[in-house]
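*Asks:* Chains as they are written, first to last, in my numbering: chain L, 1274 to 1384; chain V, 1036 to 1148. Note that the Cβ used here is the ideal one computed from N, Cα and C, for glycine as well.
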Amino acid sequence: DAKTTQPPSMDCAEGRAANLPCNHSTISGNEYVYWYRQIHSQGPQYIIHGLKNNETNEMASLIITEDRKSSTLILPHATLRDTAVYYCIVSGLSNDYKLSFGAGTTVTVRA
Amino acid sequence: ETGVTQTPRHLVMGMTNKKSLKCEQHLGHNAMYWYKQSAKKPLELMFVYSLEERVENNSVPSRFSPECPNSSHLFLHLHTLQPEDSALYLCASRIQGSSTEAFFGQGTRLTVV
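1) How long is the line joining the alpha carbons of V/Y1124 and V/P1077, rounded to whole angstroms?
2) For the candidate residues V/N1065, V/T1051, V/P1104 and V/V1090, whose alpha-carbon lies nearest to that of V/E1136?
3) Could you check the C-alpha separation between L/E1287 and L/A1333 for me, to the nearest Å?
4) Distance check for V/N1105 and V/M1067, CA to CA, integer angstroms please.
5) Could you give the DSSP three-state label for V/L1116: helix, strand or coil?
6) Which residues of chain L have a Cβ atom closer than 7 Å to the Cβ of V/P1077, listed in chain order?
7) Give me the residue from V/E1087, V/R1089, V/T1037 and V/G1142 with the minimum Cα distance to L/S1231.
8) Please report the distance separating the alpha-carbon of L/N1326 from that of L/Y1319.
9) Touching or not, the region 1051-1061 of chain V and the region 1296-1315 of chain L, by the rule of three or more beta carbon pairs under 8 Å?
10) Got a sec? Which residues, its chain only, sit under 7 Å from V/L1080 by beta carbon, not counting five neighbours each side?
11) Closer than 6 Å by C-beta to L/Y1359: which residues in its own chain qualify, once you throw out the five before and the five after it? Chain order, please.
12) For L/S1367, name the three-state secondary structure that DSSP assigns.
13) Take L/D1274 and list the residues in its own chain whose beta-carbon comes closer than 7 Å to its own, dropping the five residues that flank it on each side.
14) Does the beta-carbon of L/L1346 have 16 or more other beta-carbons within 10 angstroms, so that it is buried, or is it exposed?
15) Since V/S1100 is in the beta strand (DSSP E), which residue starts that stretch and which ends it?
16) So which residues on chain L does V/Q1141 lean against when the C-beta distance must stay under 8 Å?
17) To test your reading of the DSSP string, which unbroken beta strand (DSSP E) runs of 3 or more residues are found completely within the region 1275-1309 of chain L?
18) What residues in the region 1082-1100 of chain V bring their beta carbon closer than 9 Å to a beta carbon of chain L?
19) So does the region 1082-1100 of chain V actually touch the region 1112-1132 of chain V, counting three or more Cβ pairs closer than 8 Å?
20) Tell me the DSSP bridge mates of V/H1045?
21) Given this structure, state the Cα-to-Cα distance separating L/T1278 from V/G1049, to the nearest angstrom.
22) Which first and last residues belong to the beta strand (DSSP E) in which V/F1082 is found?
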């Protein structure tokens, strides 16, 4: 019952910024946007999350539109090690912050 | 290293065997989760434990039996599994009721023969 829509795949060039879109048009006011990634056959790795404001950490930036119906994860300088499946997940207090995973976006970084 | 440790990392078992998967965290988290990820499929939430009580069981067959003896440990007991139960089993933990992130273990790759 994932409530987000992501493109199934995208390529990006090593050293360039990777912009991963996510639509979540039915997000409610108390729900956060979380991003995780999963490198092949490993456990998902937390990247970033936000409620309304844009967020940045050492891994990525999260840009959330003013109406909160979509967001973009930005990997500022993609490396080959960023090749992974990226999941955008909406969750909040109403579902006790459980994470429901969709198919995500398979990102391939090419040299 | 996320602070969530799963053992074993790989397990091969026959359909008549009984085995257990273990998950351990010392992050001070009090909610723990089991997920199943079959080949080329998204993660499926199996069980949720909150404050050591099972609060969710997502129609998981009884051949999977979870146990949470304390807030730091979570087990998944397996018996009479089927080949279609072969998958990556992932454990996660977080602080109950908080928006802070969940941490995942590296998973146990289970093969049922």
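*Replies:* In short:
1) Numbered from its first residue, the second sequence carries residue 1124 of chain V at position 89. Numbered from its first residue, the second sequence carries residue 1077 of chain V at position 42. In a straight line, the C-alpha of V/Y1124 is about 12 Å away from that of V/P1077.
2) In the second sequence, counting from the first residue as 1, residue 1136 of chain V sits at position 101. Comparing Cα positions, the closest option is V/N1065.
3) Here residue 1287 of chain L corresponds to residue number 14 of the first sequence, with the count starting at 1. Here residue 1333 of chain L corresponds to residue number 60 of the first sequence, with the count starting at 1. Inter-residue distance for L/E1287 and L/A1333 is about 15 Å (C-alpha atoms, whole angstroms).
4) Residue numbering aside, residue 1067 of chain V sits at position 32 when the second sequence is read from its first letter. Residue numbering aside, residue 1105 of chain V sits at position 70 when the second sequence is read from its first letter. The alpha-carbon atoms of V/M1067 and V/N1105 are separated by roughly 10 Å.
5) Taking the second sequence and counting its residues from 1, the one referred to as residue 1116 of chain V is at position 81. It is coil, neither helix nor strand.
6) Position 42 of the second sequence, counting from 1, holds the residue named residue 1077 of chain V. Neighbours of V/P1077 on chain L, chain order: F1374, G1375 and A1376.
7) Residue 1231 of chain L lies beyond the stretch modelled for chain L, which goes from 1274 to 1384, so this question has no answer here.
8) Here residue 1326 of chain L corresponds to residue number 53 of the first sequence, with the count starting at 1. Here residue 1319 of chain L corresponds to residue number 46 of the first sequence, with the count starting at 1. Their Cα atoms are separated by approximately 18 Å.
9) no
10) As a first step, residue 1080 of chain V is located in the second sequence; it is residue number 45 there, counting from the start. If we look at V/L1080 and ignore the five residues flanking it on each side, its Cβ neighbours are Y1068, Y1070 and N1093.
11) Within the first sequence, residue 1359 of chain L is the residue found at index 86, counting from 1. Here the set comprises L1293, R1310, G1377, T1378 and V1380.
12) Here the question's residue 1367 of chain L lines up with position 94 in the first sequence. Helix.
13) Locating residue 1274 of chain L in the first sequence gives position 1, counting from the first residue. Here the model assigns L/D1274 a pLDDT of 47, short of 50, so the residue's position is not dependable and the matter cannot be decided.
14) Here residue 1346 of chain L refers to the residue found at position 73 when the first sequence is read from its first residue. Under this definition L/L1346 is a buried residue.
15) Within the second sequence, numbered from 1, the residue matching residue 1100 of chain V stands at position 65. From DSSP, the beta strand (DSSP E) with V/S1100 extends over F1099 to N1105.
16) Here residue 1141 of chain V corresponds to residue number 106 of the second sequence, with the count starting at 1. Per Cβ cutoff of 8 Å: Q1315 and G1316.
17) 1282-1286 and 1291-1296
18) V1083, S1085, V1090 and E1091
19) Judged by pairs of C-beta atoms under 8 Å, the region 1082-1100 of chain V touches the region 1112-1132 of chain V, as three or more such pairs exist.
20) In the second sequence, residue 1045 of chain V corresponds to position 10, counting from 1. Beta-bridge pairing links V/H1045 to V/R1144.
21) Start at 1 with the first residue of the first sequence, and residue 1278 of chain L comes out as number 5. Start at 1 with the first residue of the second sequence, and residue 1049 of chain V comes out as number 14. If you take the alpha carbons of L/T1278 and V/G1049, they lie about 39 Å apart.
22) The residue you call residue 1082 of chain V lines up with position 47 of the second sequence. It spans E1079 to S1085 - the beta strand (DSSP E) in which V/F1082 sits, taken as one unbroken run.
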